[in-house]
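Notes for the one structure printed next.
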Amino acid sequence: MTMNPLDPSQIQLTEDGRLKHFLTTEGLSKEILTEILDTADSFIGTQARSVKTVPLLRGKTVVNLFFENSTRTRSTFELAAKRLSANILNLDIARSATSKGETLMDTLWNLESMYSDMFVVRHADSGAAHFIAQHVTPNVAVINAGDGRHAHPTQAMLDMLTIRREKGSFENLTVAIVGDILHSRVARSQIYALNTLGAKEVRVIGPNTLLPQEIESLGAKAYNNMNQGLKGVDVIIMLRLQKERMQNALLPSEAEFYRLYGLSTDKLALANPDAIVMHPGPINRGVEIESAVADGPQSVILKQVSNGIPMRMAVMAMAMGGQQSGQNKEEV
Amino acid sequence: MTMNPLDPSQIQLTEDGRLKHFLTTEGLSKEILTEILDTADSFIGTQARSVKTVPLLRGKTVVNLFFENSTRTRSTFELAAKRLSANILNLDIARSATSKGETLMDTLWNLESMYSDMFVVRHADSGAAHFIAQHVTPNVAVINAGDGRHAHPTQAMLDMLTIRREKGSFENLTVAIVGDILHSRVARSQIYALNTLGAKEVRVIGPNTLLPQEIESLGAKAYNNMNQGLKGVDVIIMLRLQKERMQNALLPSEAEFYRLYGLSTDKLALANPDAIVMHPGPINRGVEIESAVADGPQSVILKQVSNGIPMRMAVMAMAMGGQQSGQNKEEV
Amino acid sequence: MTMNPLDPSQIQLTEDGRLKHFLTTEGLSKEILTEILDTADSFIGTQARSVKTVPLLRGKTVVNLFFENSTRTRSTFELAAKRLSANILNLDIARSATSKGETLMDTLWNLESMYSDMFVVRHADSGAAHFIAQHVTPNVAVINAGDGRHAHPTQAMLDMLTIRREKGSFENLTVAIVGDILHSRVARSQIYALNTLGAKEVRVIGPNTLLPQEIESLGAKAYNNMNQGLKGVDVIIMLRLQKERMQNALLPSEAEFYRLYGLSTDKLALANPDAIVMHPGPINRGVEIESAVADGPQSVILKQVSNGIPMRMAVMAMAMGGQQSGQNKEEV
Numbered sequence: 626m627t628m629n630p631l632d633p634s635q636i637q638l639t640e641d642g643r644l645k646h647f648l649t650t651e652g653l654s655k656e657i658l659t660e661i662l663d664t665a666d667s668f669i670g671t672q673a674r675s676v677k678t679v680p681l682l683r684g685k686t687v688v689n690l691f692f693e694n695s696t697r698t699r700s701t702f703e704l705a706a707k708r709l710s711a712n713i714l715n716l717d718i719a720r721s722a723t724s725k726g727e728t729l730m731d732t733l734w735n736l737e738s739m740y741s742d743m744f745v746v747r748h749a750d751s752g753a754a755h756f757i758a759q760h761v762t763p764n765v766a767v768i769n770a771g772d773g774r775h776a777h778p779t780q781a782m783l784d785m786l787t788i789r790r791e792k793g794s795f796e797n798l799t800v801a802i803v804g805d806i807l808h809s810r811v812a813r814s815q816i817y818a819l820n821t822l823g824a825k826e827v828r829v830i831g832p833n834t835l836l837p838q839e840i841e842s843l844g845a846k847a848y849n850n851m852n853q854g855l856k857g858v859d860v861i862i863m864l865r866l867q868k869e870r871m872q873n874a875l876l877p878s879e880a881e882f883y884r885l886y887g888l889s890t891d892k893l894a895l896a897n898p899d900a901i902v903m904h905p906g907p908i909n910r911g912v913e914i915e916s917a918v919a920d921g922p923q924s925v926i927l928k929q930v931s932n933g934i935p936m937r938m939a940v941m942a943m944a945m946g947g948q949q950s951g952q953n954k955e956e957v
Numbered sequence: 626m627t628m629n630p631l632d633p634s635q636i637q638l639t640e641d642g643r644l645k646h647f648l649t650t651e652g653l654s655k656e657i658l659t660e661i662l663d664t665a666d667s668f669i670g671t672q673a674r675s676v677k678t679v680p681l682l683r684g685k686t687v688v689n690l691f692f693e694n695s696t697r698t699r700s701t702f703e704l705a706a707k708r709l710s711a712n713i714l715n716l717d718i719a720r721s722a723t724s725k726g727e728t729l730m731d732t733l734w735n736l737e738s739m740y741s742d743m744f745v746v747r748h749a750d751s752g753a754a755h756f757i758a759q760h761v762t763p764n765v766a767v768i769n770a771g772d773g774r775h776a777h778p779t780q781a782m783l784d785m786l787t788i789r790r791e792k793g794s795f796e797n798l799t800v801a802i803v804g805d806i807l808h809s810r811v812a813r814s815q816i817y818a819l820n821t822l823g824a825k826e827v828r829v830i831g832p833n834t835l836l837p838q839e840i841e842s843l844g845a846k847a848y849n850n851m852n853q854g855l856k857g858v859d860v861i862i863m864l865r866l867q868k869e870r871m872q873n874a875l876l877p878s879e880a881e882f883y884r885l886y887g888l889s890t891d892k893l894a895l896a897n898p899d900a901i902v903m904h905p906g907p908i909n910r911g912v913e914i915e916s917a918v919a920d921g922p923q924s925v926i927l928k929q930v931s932n933g934i935p936m937r938m939a940v941m942a943m944a945m946g947g948q949q950s951g952q953n954k955e956e957v
Numbered sequence: 626m627t628m629n630p631l632d633p634s635q636i637q638l639t640e641d642g643r644l645k646h647f648l649t650t651e652g653l654s655k656e657i658l659t660e661i662l663d664t665a666d667s668f669i670g671t672q673a674r675s676v677k678t679v680p681l682l683r684g685k686t687v688v689n690l691f692f693e694n695s696t697r698t699r700s701t702f703e704l705a706a707k708r709l710s711a712n713i714l715n716l717d718i719a720r721s722a723t724s725k726g727e728t729l730m731d732t733l734w735n736l737e738s739m740y741s742d743m744f745v746v747r748h749a750d751s752g753a754a755h756f757i758a759q760h761v762t763p764n765v766a767v768i769n770a771g772d773g774r775h776a777h778p779t780q781a782m783l784d785m786l787t788i789r790r791e792k793g794s795f796e797n798l799t800v801a802i803v804g805d806i807l808h809s810r811v812a813r814s815q816i817y818a819l820n821t822l823g824a825k826e827v828r829v830i831g832p833n834t835l836l837p838q839e840i841e842s843l844g845a846k847a848y849n850n851m852n853q854g855l856k857g858v859d860v861i862i863m864l865r866l867q868k869e870r871m872q873n874a875l876l877p878s879e880a881e882f883y884r885l886y887g888l889s890t891d892k893l894a895l896a897n898p899d900a901i902v903m904h905p906g907p908i909n910r911g912v913e914i915e916s917a918v919a920d921g922p923q924s925v926i927l928k929q930v931s932n933g934i935p936m937r938m939a940v941m942a943m944a945m946g947g948q949q950s951g952q953n954k955e956e957v
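Okay, here's the thing in structure tokens:
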């Protein structure tokens, strides 16, 4: 396999095609995505055991490198790392003076020099995790925990895991993603993964102001009318509404948004009867989703949360394994 | 044993009477409280060893769920969890945006879904830990680390441990609690525990504005005059003065309060000669206690701190054991 | 060996001359400093292994007691403690209310009572770590992570480790320290260590306003002219410029400072051709050092960072070993 440094997906793989960073679902093969899902599935079993830890990352140091605050996402990676027996260092750079007067590269070089094995990166700028993966020393794995509007691949993959566990496979599935697609890194990562994994149809539903212009080229069908968009759908993924967008006049009022794009019991009835309802959390009850739907029998929202830990364990373990296989090759 | 869901003590016990949550000392039997003391006593030995950790909670995840800041209390639970070999996740919800736009129940459901095994809860609202224990999924233990004015049972039990280690038993003991009883969750938890464990007499000493109206029904004798209240006392428990109360005119000036209710060498001389002096910390020297008393031979204040770790280890280990015994029963 | 309580170095040693605290490089013998370097060297090997942890401090509790914020230094001690398998409690007292209304001694007594084994202390006041070591209970080791203008001995020793690994030994070495010597705890600790370890000559370079008056008595030769000071030098240690000093009129403008005391490629050419360039980080590019120099072949700045973890592991392991040898003696 030849490496093309300009292909964003290739930087994620070793020369023999194993995962060594996890930055985006874009460009990854169906085989790799399926391997990630299978690995995560195998970790679900460990989570039901009395002793939830496995020794896969024993003696490794994982750095939670959060340039943007997110207690929730940071916590899931922290738990995943601890259950893999890694040492974890939380660096909340958004709040600390760590990088004061220091360039991003200097911060990275310093952390690398402390013999870190993995960076879990959250950053407000699109492309930050890629930039870091391109410049990091060999043997350090980079996991993207959300970069700007670009990607949030572990969230997308835990959603894929949830869909596969509920529906068995992706063939024949029609999936609708509803809300502010334009600003959503989660939606982008989901669309790539769903298409690669073979979903029959991916739809996005929202007002024109919140749909990216290039959406159809990403492989999704755009709907402004939610009632039409939900017809015949097997999976509904609601996005979290960023309320601050409303002040920018990108959004109608909260009540108007809910009337048009909130998932109510009535609108849910338009989808297939066995459709599942998903949401990355935290949910805004009564803003993008009715409580009766969020807590109802079709909701798998808490299953998504549960699947988040084994999914993060899976990509961390696989990326570390890929790094080490490369390392051994160099030593030979 | 029949479960009465309205009896706040019953929610703490499994069907066969083992501890599964620890929310309050109220309503717990002398047998259970004594078992807690005995278990904590056994952990004291481990703390003097070179290796202080025991593997009892290995592979378990304990979440320090602090809706109210308390670095001190949080640290004692963190140390206790680590010495039990648990993984610990500190969630300082008071300072973070974790629960922004999210209901308490949604926060809880999310944490449960991450396969947490125990919540250590601190909350400014009385009853918060009970509410959480009532709604938490089976197999998750809830430990109350202080809820509003209601209860602070681990503090009360480490005080009981200190008293028993100093005095041998509770029979024949007269115990005085001094200060702002009205706003003290610690005092309430102590009064229940002392009476259940068989103390001869429990007294509360303070101005009428800081004594609860129902105090005698709790099993304590009220004194406004500290000189009278200290006569013949074996144990003096000073409470920390919350200085912000003074602005509410509930309290006289600091100097006046000290004159009336501060524990000076002179006042201490009115108690039994072998009386011990206790304080939950942090102490306000010269406000509620004279330095010479706090640092004097009758003070056991630092022993209380030492006993805090094994006491927290004991209730965490017992509650987890109770949860697991329930779990095994379901599996059978 | 008789103990002189007024000799600041003696408090660091057990009666048979082993390290039990690490507070300052001043007064420590060449043998002890060399033992520290040898121990750190042995830990470097463990950091290249797949499993970086060693069980030396298993079951011990290390408290990162930071009265002054420093995410960077705190992180290196946290990583070092975790790689020694210790439990670590981070107490960021500068930001928390831990010590509110509580004296320093009360805070210490409380932490001691929680069966802590080691305090890593950072404080804005010179002498704080010594004060704590003088008052701490036996069996608790104190490591100075920087106190006021006084000392930062682990930084100085990781610099010594870097010099020894690069240059083989200290004999025949001329070392120049450049910048704000007056306010630098690092420079003080380096000068003591370099002289004890046998460096041929130690120079300090800076404007008169930033050189301590007693500098020659410390064993360093003062230069105001950097061009002259760098001649024949084997090691150049640049200090970080504290920009806030400029407002106090102690410093010329940033541009003027850089012109006079910044390390440029031109100035570097005045030193010996194989001179190494050091900096404690974080670096201010273009303020005290030119990027081409910081990233150039003579720079060992990132090696300093790498050596920081094994150096901290070394002093933590040695001090704990010294404490335990004292403990065993008492038990006999």
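Protein chains in written order, with this note's numbering: chain A, 626 to 957; chain B, 626 to 957; chain C, 626 to 957.
C-beta: ideal position from N, C-alpha, C; glycine also.
Because the structure is a prediction, the values reported are computed rather than measured.
Where does residue i land, buried or exposed, given buried means 16+ other C-beta within 10 angstroms?
i	result
Ala942/B	buried
Pro905/A	buried
Met730/A	exposed
Gln838/A	exposed
Asp742/C	buried
Ser695/A	buried
Asn820/C	buried
Going by the beta-carbon positions, is the gap between residue i and residue j smaller than 7 Å?
i	j	result
Val918/A	Val902/A	yes
Asp859/C	Ala812/C	no
Leu786/B	Met936/B	yes
Leu895/C	Lys928/C	no
Arg884/C	Gly854/C	no
Leu783/B	Gly670/B	no
Met938/B	Phe647/B	no
Ile914/A	Met863/A	yes
Leu682/B	Ser700/A	no
Along the chain, where does the alpha helix (DSSP H) containing residue i start, and where does it finish?
i	result
Lys645/B	Taken as a continuous stretch (DSSP letters only), Lys645/B belongs to no alpha helix (DSSP H), as it is neither H nor E.
When you compare only the Cα positions, how much space is there between residue i and residue j?
i	j	result
Asp717/B	Ile718/C	15 Å
Arg789/C	Thr659/C	10 Å
Gly771/A	Asn689/A	12 Å
Met739/C	Arg674/B	13 Å
Gln948/A	Asn897/A	43 Å
Gly921/C	Ala845/C	27 Å
Leu835/A	Ile806/A	6 Å
Val761/A	Arg643/A	18 Å
Arg708/C	Phe702/A	20 Å
Ser966/B	Pro778/B	Outside the displayed span of chain B (626 to 957) sits residue 966/B, for which this structure offers no information.
Asn769/B	Gly652/B	15 Å
Gln867/A	Asn850/A	20 Å
Which residue wins for smallest C-alpha separation from residue i, given the options the options?
i	options	result
Arg568/B	Ala706/C, Pro680/C, Thr664/C and Asn735/C	Within the shown structure, residues of chain B are numbered from 626 to 957, placing residue 568/B beyond reach of any answer.
Val800/B	Ile806/B, Leu644/B and Ile816/B	Ile816/B
Glu727/B	Glu879/A, Pro763/A and Arg865/A	Arg865/A
Ser931/C	Leu733/C, Leu888/C and Gln780/C	Gln780/C
So residue i is in the beta strand (DSSP E); what residue range does that whole segment cover?
i	result
Asp717/C	Asn712 to Asp717
Ile690/A	A quick correction: the sequence has Leu, not Ile, at residue 690/A. Leu690/A -> beta strand (DSSP E) spans Thr686 to Phe691.
Gly808/C	Inspection of the sequence shows that residue 808/C is occupied by His rather than by Gly. Unbroken run through His808/C: none, as it is neither H nor E.
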